[in-house]
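Colleague:
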Ligand code: SF4
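Numbering (this note's numbering), first residue to last: 3 to 257.
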C-alpha cells in the first residue's frame, strides 16, 4: 500500500505486519519493497525478513499506548488482507481497533475480496474507514464493487498511481476519492483527462475529491521533480474531505 511520499491524508502509520507481494499493476514500483530491503540491511526490528510478509506482534499494541486521538493509516508497508495473514492475528488487530475508539483507522487494501469476506458479517466500528486502490479498470474497478457493500463510516478510493482512464465509474456508496500520479524515476505518466474524468464523476455525485499530486510527470507531460509538478488541477488545489469527518480530521492534523 505504500507510496513514495509522506501520506498527506493521514497522521500516523501503524504497521502490525511487514512485507507483502505484488498483486496488480499498481504494485510495480512498490515503495514498501524498496524500504523493507533497506530497513532489513540496517537491521531495523520487524524487517528481519525484508519484503516477505511477516506479522510484527511487537507493534500490535502501539495504538493502545497512545491516548491522544490519532488518525492511523494501517499498514503503509504491507497489506492487511495479504493471503498469508493469519486470521487470528487479523482478529487481534481489529480487537485493538475496537478498544481504541479515540483513534481513527484508515484501512486500504488491494485485496478487496478478502477484506469483504472477512468483514461482511462483522461489526465495523465507527472509527474504521475502509478503502481500496484503483489504479486501472481491470484490477481496480472490481475492488470498488466489494468495497461499496461494506458499511463503514467512510468508504474511500485511493486512485494512485492512476495508470489509465477509468472510463465510467460507479461511485455509489463511496464517500471519498483520492487521486495521485506515480513518483520515482520509474514512474508511469498520468494524463490530465483521466483525472478530470474522475473529478467529474465525483462532482456529479457530490463526493469529496482529493487531488494529492501529479507525481514525477507533470500536467504538461514533462518528467521532473514531483515538487515542481505540484498538486494543482486547472490552477486550483482540490483537497476535500468527506463532510462527516472533515472537522475531526482537520483538528487531528492540527494538534
Ligand atoms: S499491495 Fe501495496 S504493499 Fe503490497 S506489493 Fe502492492 S503496492 Fe506494495
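Ideal Cβ positions, reconstructed from N, Cα and C, are used throughout, including at glycine.
Because the structure is a prediction, the values reported are computed rather than measured.
(1) Can at least three beta-carbon pairs, one atom from the region 148 to 158 and one from the region 183 to 190, be found at a separation below 8 Å?
(2) Residue 182 and residue 198: beta carbons closer than 9 Å?
(3) If the criterion is Cβ atoms closer than 9 Å, does the pair residue 34 and residue 56 meet it?
(4) Would you say the beta carbon of residue 81 comes nearer than 8 Å to a heavy atom of the ligand SF4?
(5) Looking at residue 186 and the ligand SF4, is the gap between the Cβ and the nearest heavy atom below 8 Å?
(6) Is it right to say residue 84 is buried, meaning 16 or more other beta carbons lie within 10 angstroms of its own, or is it exposed?
(7) Evaluate the contact criterion for the region 114 to 123 versus the region 163 to 178: three or more CB pairs, one atom per stretch, below 8 Å.
(8) Taking residue 106 as the reference, which of 130, 48, 40 and 98 has the closest Cα?
(9) Are residue 262 and residue 110 touching if we call contact CB-CB under 9 Å?
(10) Kindly indicate which three-state DSSP category residue 143 falls into: helix, strand or coil?
(11) Where do the ends of the alpha helix (DSSP H) carrying residue 196 lie?
(12) What is the DSSP secondary structure of residue 166, reduced to helix, strand or coil?
Modeller: Reading it off the structure:
(1) no
(2) no
(3) no
(4) yes
(5) no
(6) buried
(7) no
(8) 130
(9) Residue 262 lies beyond the stretch modelled for the chain, which goes from 3 to 257, so this question has no answer here.
(10) helix
(11) 194 to 207
(12) coil
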